[in-house]
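K.L.:
By UniProt numbering, the letter at position 866 of the sequence shown is numbered 866, and the numbering carries on one by one without gaps. My questions will all concern the structure given below.
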Amino acid sequence: MLQRASARHAATSSRQLSIAVSLRACPAGMARSAQSLGPRMTMTKTLQPRSPAMRRCFSSSAPLLSTPHEVPLSAIRNISAWGHIDAGKTTLTERLLYHTGGQASAPDSVHSAANSALPGDVDSGSTVTDYLEQERERGITIQSAAVGPLWWKSQSSKDNPSAAITLVDTPGHIDFTIEVERALRVADGCIVVMDSVEGVEAQTEGNWKIGSRYGIKSNVLFLNKLDRPGASIARCLRSFVQRGLHARPLLLQLPILPSGSGGTEIDGGIAGVIDLLTKEELRFEGRAGEQVVRTPSSSPEIGPARHSLIESLASLDEVLMEELFSIESDDPHQSISAQSLRQSIRRLTIAGKIVPTLLGSAAKHVGVQPVLDAVVDYLPSPGEAGDVRDELGMGKGTVHGTSERAREVGRGGSRKPKVQGKATPPSKEASEKKESAAAASDGPRLTGEDDAVAAAEDANRVSINVQDPTLSCLAFKVVWDKRRGPMTFVRVYSGTLSRTTTLFNTSTGTRERLSRLLLPFGSTYTEVEKLGGGQVGVLLGLKDTRTGDTLVDARPAGGKAATMDPTLRLRPVDVPPPVFSVSVDAHSKSDEEAVNEALAMLVRTDPSLRLDSGSGDDAGGGSAFGAAGTNQTILSGMGELHLDIAKDRLKNEFGVKARIGGVRVAFRETVDEQLRGVNAEPHVVEDVLERDMGGKRVKAGARVTVQALAENEEGDPAYGDNIVEVRLGGEEGQKGNIESRSEAKSRTARGNKGDPASGVSNLNAEQRQARREGSKGATPAGSDETGTVGIDADSLRRSVLSGVTACLSRGPLASQPLTKLHIRVTDVQTFGPEQSPPRAVGAIIQSLVRRAVREAGARIAEPVMRVRIETEEGHMGRVVSDVTTDQGGDIVEVEHEGAAQEGTERRPVDVYLPPESQGEGGEAEGAIPGARQKTTIVALVPLTKLVSYSSRLRALTAGTGTFTMRLEGFRKVSDERQKQILEELGRV
C-alpha cells in the first residue's frame, strides 16, 4: 500500500498502489522470470512525510518478500562505493538509486521521464543513504549505508538478465575508516569514485589498500566531477598508475564537451560520453538524465582510443587474442564486436588484471547509467568471487575460514593431522601464497620453521563455497535503532538463513535467536522470509553478536550433530586502533546506569570506539586507555570528528546526560631494551607467588620472558600488536605446548638465534635453585601429572592468556596499553585446584608479566601520524618549516605535480591517455593553474602536535591548505618527553 501524506495536502485522500518488483524495477526479461516465481513477488511501500523530501519506508505489515532467496546466484552483485571525502560518492549513489527505482517515485517505468521525484541531494538533506541527522547537518557520510536489492538490466547487453545489486555507500573521512573496513569485508566488487580535479587522494590510496587486504580484485573506476574547471582525465589516470593503485586503468569512454554557438566545443563541462565499445555517443536528457540518447559518433579520437583498448585487452586475454586472429579483415580491431569486448573486459576485471574506467558527472546526471551497466556486465557475482581462483584468476565462490575440526574431518588445505615432532608440509596453494607475499614485500622467502607455521594454518583452514548447504554468516555491522533495538547486518556465505533459524555464534560460543529478517534500504527495511548464499540482510533480536562474529545454524540438519561446526571462524573485520580519547562522566548518580548502557551500545555499534571504565571489563573488546585509578570512564576513537559525533549520538540518539572531557592523545607503553645496555638480552622473571584472594591463600608460578619486537617484526592485532606465546610446560614436545603463528615470525626476524626462554635468564644459578626450592610440591602444568591434580590444561591455558591480556591493557608506567612486545610464558607451576584455581593463576601471571615489563625498561610510546598536506607551491616553504620546527615532524617526501608530468613518474604509464584538450575541464589560457601547481608534503608528525592543526594550516596557507593523516605507528619518546607525559597524566 502506497500512502502519501503532507501538511500541504492534508485533505487529499490516500491512494493505494501495489507495486510488483518485477514490473516496477525490472525490464521485460526479468519481469517474465519474476512472474514465474509466483505472486509473492509483490511488496507494499508506505511513503510518509519527510522534510524537505519524501521518505521511503517499508511497512512492517507488508507481505513477506520471499523472492530474494530465489534470485539466481549469477544475478547477485554485492558492491561498495568508496573514495576520498567530497569525491561525490553519495551523490553518485543517490543517482544509482533513482535510476534503479530506489527513490520514492511514481510507479512508472524506471526508464521513463515521467518520474515525479528527483534523486536525493546532499545539500538539501534529502538523501536515502545519508539519513542520520549529523550526516545531513554536516553534509558528509558518517556511517556506511546498505541498500538493496536494486534491480537493473544492462542497457548495453539486452540478452543478459537483470541483476540484483546490493550497494553500500561508505564515508570518505579517515575518522570513519571502520565503515570502509566493514563494507569492503563483504563486498565482491567496488565502484571507485575519484574527483577528476584532484586525482588520487589520501583516502583513495588508503581504501584501495583495504580492498586489497580483503582480496577484492574487481573494481570499476568512475572519474567524477568532469564538469568542473581543472578536471583532467589524463592526470587522474596518470596518478592512478604512479601511486601504485593499478597498472591498467583502461578507458572505456571519451568525454563529449559542450557545444557553443556555431557548434564549436567549449572547454569546461561535459555533455555526454562516447562509448568506445559501440562507437556511439551517449547523451543524458530529462530532469535527472533518465533518457539516454544513443547516436553513432564520428569523433576522430575513437580510432586510436579503441585500438589502444583492444591491444591492452588482447595482451592479457588469450581468448580475445585468438578471436582477433580469426577475423578475416584488413582491420580486425574495428571489426571485432562490442559483445566480445565486454566478455573480455568481464574476464579481466574479475581476475583483477584491469580496472574499467568510466567518465561523468553525477551532480549533472551525466554517465550514471553506464556505471550501472558496468556493475552488471563486469563485476562478479558471489559465485565468481572469493579467495580461491583458477589459473585465469576467475573466482569460484569459495572463501577461507578456520576450524579446529579441519584436521578431523579432512577439510581445509592440509588434510593430514599434525604429527608430533614433524611438520606437515604446506599445501601447494599455501606455498604459492607465501612465496608471492615474500616477493611482493621484497623480503626473504619464508623457510624452515615458517613452513611449520604455514602448515599449521593450512591444516586449520576450511573452504566454504557459496553453494554449500551448511549455513555460515558473517556479522559485519551492528546498528542501534530506537524502535527496533540492535540490528545486525550479515552476509550469508553459504546455506540458507530463514526466520526460524536458531543461530550459534562461534566467536562467543552463545546461541542467538533472531526475531525478524530484513532487507536494508538506508534507514528503512523490508521484511523477508529467507536469505540465500551470497546475499546481505539485517537480523533483529540478536543480543550478543558484534562486528566480525561468525554465525552458523545451531540446529543440525538432518539430525546429524556433525553438521554444525562450533569452531568455524570466517575472517573477521579488521578494526583500526584508536588514537584520541576523552573522559565521559554522568551528570549525576542517577544517570550512571543510562550512560553506561548507552556507552556499551555505542562501542558495540562502532568497534573503532574503545571504552575503559577502569574495572578491567573494557567494552569493545579493545585495549584500555588509562582509566585505572582515575575513577574516569575513557572513550577512545579515531579522531576529533569521530569523538564529536559520538558525543552528539550520546545526547541526541541515546538521550543520556553525560559530560565529555577534552580530547587527549592515547599513548602506549613498550620496552626500551637499550636502557639495560646496547645488546641487552631478553628479560626473564621466574618466580612463585603467594597471595590472599577471596579469603584463601593461593599460589602459582611461571617463567616470563619479555623483549621488544625487532623493527621488521609485526605483532598480532588481537593482542594489541604484541606477540604472546604460552607454553604450559618448559620443553619442546611436552604436553600442552602451543606455538603461535607470531612465534615463528619472531624467530625469523631475529635470525633464528635460538630460544631465549631456554637459555637466557636474569637469575644466576643460586637464585634459580632457590626458586626451585620454594616451589617444591608444584606440578608443572605441561606435565603428564596435570590431570591428576584436577586442573584442566585448556582451562589453565585460558587463565594464563587472560592474565597476559589483562596486563597488556595497562602498562606499569601510566596504565597505557602495551605494544610491540614479545611475551613468552613457560614453566607454569600449579599447586592443586585449591591453591591454584584458574582465576588465581591468571592474577599471578598478570603480576609476573607486569613486573617483567617494568624491570625490562618500560618506556612511553606516542602515536606518530603519516600526514599528507596539500597546498599551493607558494606556501610550501612555510608549511615545511612549521612541520620540522614547531611540530617536531620529519619530512618524508615532497611531491610536485608538475614534476610528475614532466617525466619523473615512479611507474611507467602504459595505458591510453586522451589529449589534454579532450581531458581538461577547461582552464582558460593565461589563467593561474592553481590546481595543477599543487604540492603534496608527506611527513611523520607526533599526534600530540596535530590537535587543532587544521586551524594552523589554514593560517599558513591563506585558507587553501588541507591535510589528512593516518596512524603510522608508535614511537618511543625521550626521557624528557616521558616525564612531561607522565606529569600530564598525573603519574609523577
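A virtual CB, placed ideally from N, CA and C, is assigned to each residue, including glycine.
Can you tell me which of Ser636, Thr957, Gly548 puts its alpha carbon nearest to the alpha carbon of Phe580?
P.N.:
For Phe580, the nearest C-alpha among the options comes from Ser636.
K.L.:
What span of residues does the alpha helix (DSSP H) with Arg810 cover, start to end?
P.N.:
That residue, Arg810, is in no alpha helix (DSSP H); it is neither H nor E in DSSP.
K.L.:
When the Cβ atoms of the stretch 375-395 are set against those of the stretch 345-365, are three or more pairs found closer than 8 Å?
P.N.:
yes
K.L.:
Going by the C-beta, is Arg850 closer than 8 Å to any heavy atom of the ligand COA?
P.N.:
Looking for the ligand COA in the displayed structure turns up nothing, as the structure carries no ligands at all.
K.L.:
Helix, strand or coil: how does DSSP classify Ala374 here?
P.N.:
helix
K.L.:
What separation, rounded to the nearest whole angstrom, lies between the Cα atoms of Lys979 and Leu813?
P.N.:
11 Å
K.L.:
Determine the DSSP secondary structure at Leu602, reduced to helix, strand or coil.
P.N.:
helix
K.L.:
Using a Cβ-Cβ cut-off of 7 Å (strictly less than) and excluding sequence neighbours within five positions of Val110, which residues of its own chain qualify?
P.N.:
Reliability fails at Val110, whose pLDDT of 35 lies under 50, so the model's placement of it is uncertain and the value that follows must be treated cautiously. Cβ within range, chain order: Ala25, His99, Thr100, Gly101.
K.L.:
By DSSP's criteria, Tyr525 is part of a beta bridge. Which residues make up the other side?
P.N.:
Pro520
K.L.:
Can you tell which of Arg571, Ser507, Pro578 has its C-alpha closest to the C-alpha of residue 1004?
P.N.:
Nothing in the structure corresponds to residue 1004, since the chain is present only between 1 and 988.
K.L.:
Give me the Cβ distance between Leu568 and Leu503, rounded to the nearest whole Å; I'm assuming they're in contact under 8 Å.
P.N.:
12 Å between Cβ atoms; not a contact.
K.L.:
Would you identify the three-state DSSP class for Asp175, choosing helix, strand or coil?
P.N.:
Here Asp175 carries a helix assignment [DSSP, helix/strand/coil].
K.L.:
Sort Phe667, Leu540, Glu669, Leu609 by Cα distance to Leu643 and report the nearest one.
P.N.:
When only C-alpha atoms are compared, the closest one is Leu609.
K.L.:
Which partner residues of Val193 appear in the DSSP bridge assignment?
P.N.:
BP columns for Val193 point to Gly83, Phe222.
K.L.:
Name the one or two DSSP bridge partners that Trp152 has.
P.N.:
Ala163
K.L.:
Taking Cβ positions, are Leu602 and Ala666 nearer each other than 9 Å?
P.N.:
Result no, Cβ atoms of Leu602 and Ala666 do not sit closer than 9 Å.
K.L.:
What would DSSP say about Pro258, mapped onto helix, strand or coil?
P.N.:
coil
K.L.:
For Ile869 versus Glu669, is the C-beta distance shorter than 9 Å?
P.N.:
no
K.L.:
Going by the CB atoms, is the gap between Arg977 and residue 989 shorter than 9 Å?
P.N.:
This structure cannot speak to residue 989, because the chain is shown only from 1 to 988.
K.L.:
Can you check the stretch 942-973 for any alpha helix (DSSP H) of at least 4 residues that lies completely inside it and give the ranges in chain order?
P.N.:
949-956
K.L.:
Out of Pro566, Thr488, Gly522, Val584, which one is the CA nearest neighbour of Leu540?
P.N.:
The option with the nearest alpha carbon to Leu540 is Thr488.
K.L.:
What's the gap between the Cα of Gln143 and the Cα of Gln467?
P.N.:
Their backbone Cα atoms lie some 31 Å apart in a straight line.
K.L.:
In chain order, what residues of the same chain lie with their CB nearer than 7 Å to the CB of Arg182, ignoring the 5 residues before and after it?
P.N.:
Ser144, Phe476, Lys477, Thr547, Val573
K.L.:
Can you tell me whether Ala843 is buried or exposed? The criterion is at least 16 other CB atoms within 10 Å of its CB, across all chains shown.
P.N.:
buried
K.L.:
Counting only the same chain and skipping the five closest in sequence on each side, list residues whose C-beta sits under 8 Å from that of Thr957.
P.N.:
Thr871, Glu872, His875, Arg878, Val879
K.L.:
For Thr204, which three-state DSSP category applies?
P.N.:
helix
K.L.:
Is it true that the CB of Phe222 sits closer than 9 Å to the CB of Val193?
P.N.:
Taking 9 Å as the Cβ cut-off, Val193 and Phe222 qualify as a contacting pair.
K.L.:
Measuring straight from C-alpha to C-alpha, what distance separates Gly782 and Val479?
P.N.:
At Gly782 the pLDDT is 44, less than 50, meaning the model places this residue with poor confidence and gives no usable figure here.
K.L.:
List in chain order: all unbroken beta strand (DSSP E) runs of 3+ residues lying wholly within the stretch 799-853.
P.N.:
821-830
K.L.:
Cutting at 8 Å between CB atoms, please list the residues of its own chain near Glu323, excluding the five before and the five after it.
P.N.:
Ile336, Ser340
K.L.:
Please check the pair Val399 and Asp387, which I expect to be a contact at CB under 8 Å, by giving their CB distance rounded to whole angstroms.
P.N.:
Indeed, because the Cβ distance is near 5 Å, the residues count as touching under 8 Å.
K.L.:
Using three-state DSSP, classify Val292 as helix, strand or coil.
P.N.:
strand
K.L.:
What is the DSSP secondary structure of Lys696, counted as helix, strand or coil?
P.N.:
strand
K.L.:
CA-CA distance, Lys657 and Ile233?
P.N.:
Near 51 Å, if we compare the C-alpha coordinates of Ile233 and Lys657.
K.L.:
Measuring straight from C-alpha to C-alpha, what distance separates His365 and Val376?
P.N.:
19 Å
K.L.:
Just curious, the beta strand (DSSP E) that Phe489 is in, first and last residue?
P.N.:
485-494
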